[in-house]
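Residue numbers (the working numbering): 227 to 855.
All residues carry an ideal CB built from backbone N, CA and C; glycine is no exception.
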């Protein structure tokens, strides 16, 4: 009896030691089951009734203070093997402890394998949710694109070849020619996907092509760059077919996704065709292309040698490609083909940017919402009243009170502040609409009245800013910076008018209208030739008061040549000196890289060469630095 009791006590002690070690080990390690699950542990759940589970249960029970536990000689070996049982069930036991104590509805310390497995499933679900993409990213994903058609592949190939041949010497008409195959690739992809052109899609497409005309007309880089960026934005609107603010703002970024997926899309299409492309199908096409190329080379050479005029025409039309230009041409080919594939892939499976929903802010009460805006309206009204008083009261009183020598100085001081005031007003309107009261028709009328008043007062600020700029230009002349910020101010005024119209007719069309107005402003800016406007205004000013800044003309592009050609000598030669040097440094430029502005400047300088020397122009201050007042 005593021996049996000693054996039982010894087994219980060993079980207690094993169970206590398991519990302490799990606590010290911060729930070993969770750690092993997070690290992909190979420990398997222990089935109820197994020897290991029984040993673990005995050990845990003994550790919990179950002094009344008894054992028979038959169960002593199991109790004696509690070390192995506790070690085998350490993960599940720790999972039960980490979940808040014993798992299941059994006695204290009993292990429930089903509960432990449920816990592991919960951990896996949490891990999957953490690794899953954001909900908005899932919503905008497009449907699977249809297999790429042969026409799309050929158009992308032609776009790459056109880019390699026509864009290596610069931007000009060649850019528009190189983009046409990319447009064709997008059209073929749209037909294959069953997409139909909507009215806004046609508007965006026409606007894109019109903007690409600007680099063909203007030699100046800054309006041409603005036009190209705007054309890309309009192309993204046309290909994605968006209507909302998120769509208008984020659709250009869809080209990045389409550029990556477009290459894989084309590669999949090529691989699927290579398996079923027999020699009987591609060999006749290759033979026909080789014969056509040979005929062009033979007869083209004969005609060029027979007639010098035809030889000159053929030389002008044919792009010149040298071995040294190889890397650049290859890069242009890759870029042209990838961009064409991106346009086609976007058309076939566009990202659904319109599915992004921006939740409105918490609606405020009328008092809380309107009080800051009413105060701002009163401030705007006071400022506008002062402007009207200055306008009708004369400028002499203003100049005496402010200490300025001329109204131009007074006007220049406040233009930039008024421009920032206009921009910040648009931000205030956007935030006010987010937290506007939305209780019913009365709240809507109240919001329209408050914000409509703010827009109307801001339009007066816009007019005041433009009037200030006009005075400043009359006094000091027109520059690139002044014409660009004046154009910006005009566009902001147009946006305010659109916002006021949206308050009356609804705002569903407002995102597309704002985008269209921006593109139209960029197009008008490029067609009006800002460098030509700057030169024209300063030449007219010289004819009136004999004041001219020849140094500033050295930075103008060839677009300014027709206006500067009207100056008398030696001012004409000195004003055109910078343009003449730039064109001479560029050398001969092929037709597809020469803009209309550059062509006209070359013609003017060829027919009427410069007469004044560098020394004469230097005495007139042509090469000095311009310091604007």
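Check	Outcome
Cβ pair count under 8 Å reaching 3, the stretch 385 to 397 against the stretch 562 to 571	yes
Buried or exposed by the 16-neighbour rule on C-beta atoms within 10 Å, applied to residue 811	exposed
Residue of 645, 589, 691 and 705 minimising C-alpha distance to residue 663	589
Between the CA atoms of residue 363 and residue 601 - distance to the nearest angstrom	41 Å
Sequence-distant residues of the same chain with beta carbon closer than 7 Å to residue 462, five excluded per side	477, 478, 480 and 481
Under 7 Å between C-beta atoms of residue 776 and residue 684	no
Local conformation of residue 726 per DSSP, three classes	helix
Where residue 428 falls, given that 16 or more other Cβ within 10 Å makes a residue buried	exposed
Selected residue, minimal CA-CA separation from residue 395, among 551, 599, 498 and 513	551
Alpha helix (DSSP H) segment containing residue 804, residue limits	803 to 812
Contact under 7 Å by Cβ, residue 580 with residue 469	yes
Counted within 10 angstroms of its Cβ, other Cβ atoms place residue 785 as buried (16 or more) or exposed	buried
Status (buried if at least 16 other CB within 10 Å, exposed otherwise) for residue 594	exposed
Residue 474, DSSP secondary structure in three states	helix
Inside the stretch 549 to 621 only - alpha helix (DSSP H) runs reaching at least 4 residues	552 to 574 and 592 to 619
Candidates 679, 778, 353 and 782, of which the one nearest residue 607 by Cα	679
From 446, 375 and 751, residue whose alpha carbon lies closest to that of residue 410	375
Minimum length 3: unbroken beta strand (DSSP E) runs contained in the stretch 393 to 454	none
Beta carbon of residue 453 nearer than 7 Å to that of residue 748	yes
Residue 840 classed as buried or exposed, judged by whether at least 16 other C-beta atoms fall within 10 angstroms	exposed
Residue 771 in three-state terms, based on DSSP	helix
Pairwise C-alpha distance: residue 692 and residue 715	7 Å
Buried versus exposed, by CB contacts within 10 Å (16 or more), residue 311	In this prediction, residue 311 scores a pLDDT of 40, lower than 50, which makes its location untrustworthy; the coordinate-derived value is nonetheless stated afterwards. Answer is buried; the Cβ neighbour count reaches 16.
Closest Cα partner of residue 773 within the set 781, 713 and 761	761
Residue of 418, 466 and 403 minimising C-alpha distance to residue 424	466
CB-CB length for residue 460 against residue 745, believed under 8 Å	6 Å
Endpoints, alpha helix (DSSP H) assigned at residue 342	339 to 357
Neighbourhood of residue 669 by C-beta distance below 6 Å, restricted to the same chain and skipping five residues each side	663
Other residues of its chain near residue 673: CB distance less than 6 Å, five sequence neighbours each side excluded	662
Whether residue 180 touches residue 488 by CB criterion (7 Å)	Lying before the first or after the last residue shown, residue 180 is absent from the chain, which here runs from 227 to 855.
Backbone CA spacing between residue 752 and residue 441 [nearest angstrom]	8 Å
Exposure of residue 337, with buried meaning 16 or more beta-carbon neighbours within 10 Å	buried
Neighbour-count burial assignment, residue 554, 16 or more Cβ in a 10 Å radius	exposed
Coarse secondary structure for residue 705, derived from DSSP in three states	coil
C-alpha distance - residue 831 paired with residue 771, whole-angstrom precision	27 Å
CB contact flag (residue 372, residue 418, <7 Å)	yes
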